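Have a look at the structure below before the remarks.
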Amino acid sequence: MTANLLDFDLEGLAAFCETLGEKRFRATQLFRWIHQRGASDFEQMTDLAKSLRSKLQGAARVQGLSVLTQQESADGTIKWLFDVGGGNAVEAVFIPEDDRGTLCVSSQAGCAVGCRFCSTGHQGFARNLTTGEIVAQLWFAEHFLRGHLQTSERVISNVVMMGMGEPLQNYGALVPALRTMLDDHGYGLSRRRVTVSTSGVVPMMDRLAQDCPVALAVSLHAPNDALRDGLVPLNRKYPIAELLDACNRYLLRAPRDFITFEYCMLDGVNDQPAHAEQLIALVRQHAGVGVSCKLNLIPFNPFPASGLTRSPHTRVMAFAKKLIDAGIVTTVRKTRGDDIDAACGQLAGDVQDRTRVGERIAQRRTIALTPVHDTAPTSKERTQ
Ligand code: SAH
Ligand code: SF4
509 MTANLLDFDL
519 EGLAAFCETL
529 GEKRFRATQL
539 FRWIHQRGAS
549 DFEQMTDLAK
559 SLRSKLQGAA
569 RVQGLSVLTQ
579 QESADGTIKW
589 LFDVGGGNAV
599 EAVFIPEDDR
609 GTLCVSSQAG
619 CAVGCRFCST
629 GHQGFARNLT
639 TGEIVAQLWF
649 AEHFLRGHLQ
659 TSERVISNVV
669 MMGMGEPLQN
679 YGALVPALRT
689 MLDDHGYGLS
699 RRRVTVSTSG
709 VVPMMDRLAQ
719 DCPVALAVSL
729 HAPNDALRDG
739 LVPLNRKYPI
749 AELLDACNRY
759 LLRAPRDFIT
769 FEYCMLDGVN
779 DQPAHAEQLI
789 ALVRQHAGVG
799 VSCKLNLIPF
809 NPFPASGLTR
819 SPHTRVMAFA
829 KKLIDAGIVT
839 TVRKTRGDDI
849 DAACGQLAGD
859 VQDRTRVGER
869 IAQRRTIALT
879 PVHDTAPTSK
889 ERTQ
């Protein structure tokens, strides 16, 4: 089996080039062809020596993911469902805004954490994605969008690891993927614009701070352990006090001077005034110093199996007001791509679901897979 070059960060690619008897700097050229120009065919890489190109033909490939479906929302949000084999699929979502383009990326097929309010969690865990499968979501989306929008400029400025899966339970594959996103010869994204979102895998938060500090979002969802135990089962292993200690350690090396706490607003569960008061006390007084943070309130995206409903808008706003009055920077997440089920926690791409997705797509606007400029993945790769 040949090596998939999407599996390597630049350091890994340099080591691979050495095994082919090539100088390390050749890896930089190769890396730029792949990530900056979207090339997958070694013959296109005309500034590489013919001898290297033929070695690569024999030993390597650049293999993206096949696109099963692509849906575009009326608000410009685009969702892709990618086949990862074995009957599993994962999703990525592009969210355009005036001043940025954000790609929401998946790290696992399914998720083992099993949060009560999350449809990925309800599916259970299928498998970890490889580095190449994580990077392929960005590689495909970036080069597809450049073709789609007819630009040679970078389209995706931000990546959030908020798709399917718990990124810190797939740490080994995550870190090289993050490095490729950050690398100036890769996607050149700023550390502040790459966000890992975690349900609170404390030891891996410490490792991330050392290995690859990027912006961090922590899915808090509850202001006390009794409530969080029932919503995020991982809390039984790493309760809130330990999680917040880990946040403060992370902040010592983080590219931003705050942690984003995500808080999904569940009707009658965690949205009462008393919960807001507990939350304020927690983030201000934890360990006597508090945690430097921003709160992001997420309107719950309901799905039947959860048995939960979305908090009414007035309650979300009242909750936000309490936090703001206490001096805590608070935002309420806009729901984007609602009409294509592209919002948080609705990403559910397993086989059973695919039939459902298929039915939904039939009723909604599906855009054709238009060919991209010649350096992007071939249409065969995209639709296989
Ligand atoms: N596993 C990671 C990242 C993926 S989930 C984590 O939990 O942080 C990304 C975000 O979507 C998390 O904050 C998660 O709590 C939230 N989320 C999950 N299901 C949701 C739903 N049904 N409605 C709203 N937000 C949801
Ligand atoms: Fe997994 Fe995150 Fe969903 Fe929880 S919210 S089940 S950690 S993907």
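Residues 509 to 892 in the working numbering are what the sequence shown lists, from first letter to last.
Think of the CB as a built atom: it goes at the ideal place given N, C-alpha and C, for glycine as much as any other residue.
Values in this document were obtained by computation on a predicted structure and should not be read as measured data.
Residue i, buried or exposed, once every other Cβ within 10 Å from all chains shown has been counted against 16
i: residue 704; result: buried
i: residue 887; result: In this predicted model, residue 887 has a pLDDT of only 34, less than 50, meaning its place in the structure is not dependable enough to derive any value.
i: residue 715; result: exposed
i: residue 750; result: exposed
i: residue 618; result: buried
i: residue 782; result: exposed
i: residue 628; result: buried
i: residue 870; result: With a pLDDT of 32 at residue 870, under the threshold of 50, the predicted position of this residue should be treated as unreliable, though the coordinate-derived value follows. That one is exposed.
i: residue 813; result: exposed
i: residue 515; result: buried
i: residue 700; result: exposed
i: residue 779; result: buried
i: residue 651; result: buried
i: residue 686; result: buried
i: residue 754; result: buried
Residue j beta carbon less than 8 Å from that of residue i
i: residue 838; j: residue 826; result: no
i: residue 742; j: residue 729; result: no
i: residue 577; j: residue 601; result: no
i: residue 818; j: residue 808; result: yes
i: residue 731; j: residue 790; result: yes
i: residue 623; j: residue 707; result: yes
i: residue 847; j: residue 649; result: no
i: residue 804; j: residue 766; result: no
i: residue 517; j: residue 675; result: no
i: residue 752; j: residue 799; result: yes
i: residue 806; j: residue 772; result: yes
i: residue 603; j: residue 844; result: yes
i: residue 710; j: residue 679; result: no
i: residue 666; j: residue 608; result: yes
i: residue 653; j: residue 663; result: yes
i: residue 899; j: residue 513; result: Nothing about residue 899 can be reported from this structure: the residues present for the chain run from 509 to 892 only.
i: residue 774; j: residue 625; result: yes
Three-state secondary structure (DSSP) of residue i
i: residue 744; result: helix
i: residue 769; result: strand
i: residue 645; result: helix
i: residue 721; result: coil
i: residue 625; result: coil
i: residue 797; result: coil
i: residue 577; result: strand
i: residue 599; result: strand
i: residue 811; result: coil
i: residue 732; result: coil
i: residue 824; result: helix
i: residue 777; result: coil
i: residue 513; result: helix
i: residue 526; result: helix
i: residue 547; result: coil
i: residue 520; result: helix
i: residue 761; result: coil
i: residue 553; result: coil
i: residue 754; result: helix
i: residue 565; result: helix
i: residue 668; result: strand
i: residue 865; result: Here the model assigns residue 865 a pLDDT of 36, short of 50, so the residue's position is not dependable, and the following value carries that caveat. The answer is helix: DSSP assigns residue 865 an H, G or I state.
i: residue 710; result: helix
i: residue 698; result: coil
i: residue 727; result: strand
i: residue 662; result: coil
i: residue 818; result: strand
Residue range of the alpha helix (DSSP H) that includes residue i
i: residue 806; result: Run containing residue 806: none in the alpha helix (DSSP H); it sits in the beta strand (DSSP E), 801-807.
i: residue 609; result: Unbroken run through residue 609 is the beta strand (DSSP E), 609-612; no alpha helix (DSSP H).
i: residue 840; result: Counting along the chain, residue 840 falls outside any alpha helix (DSSP H), though it belongs to the beta strand (DSSP E) covering 838-840.
i: residue 689; result: 679-690
i: residue 537; result: 533-539
Limits of the unbroken beta strand (DSSP E) element including residue i
i: residue 587; result: 586-593
i: residue 635; result: 633-636
i: residue 616; result: 616-618
i: residue 706; result: 702-706
Proximity test, residue i beta-carbon vs ligand 4 heavy atom, cut-off 7 Å
i: residue 806; result: Here the bound small molecules are ligand 1 and ligand 2; ligand 4 is not part of this structure.
Stretch-stretch touch, CB-based, cutoff 8 Å, three pairs: the stretch 713-726 with the stretch 760-771: With a cut-off of 8 Å, the stretch 760-771 and the stretch 713-726 count as touching, because enough Cβ pairs lie within range.
Assess contact between the stretch 665-672 and the stretch 609-623, defined as three or more Cβ pairs (one per stretch) separated by less than 8 Å. Is contact present? Output reads yes: the stretch 609-623 touches the stretch 665-672.
Below 8 Å, can you find three or more Cβ-Cβ pairs linking the stretch 590-601 to the stretch 537-546? Because the criterion of three Cβ pairs below 8 Å is not met, the stretch 590-601 and the stretch 537-546 do not touch.
Quick test of the definition: if touching needs 3 or more C-beta pairs under 8 Å, does the stretch 634-642 touch the stretch 692-702? With the cut-off at 8 Å, the stretch 634-642 and the stretch 692-702 do not touch.
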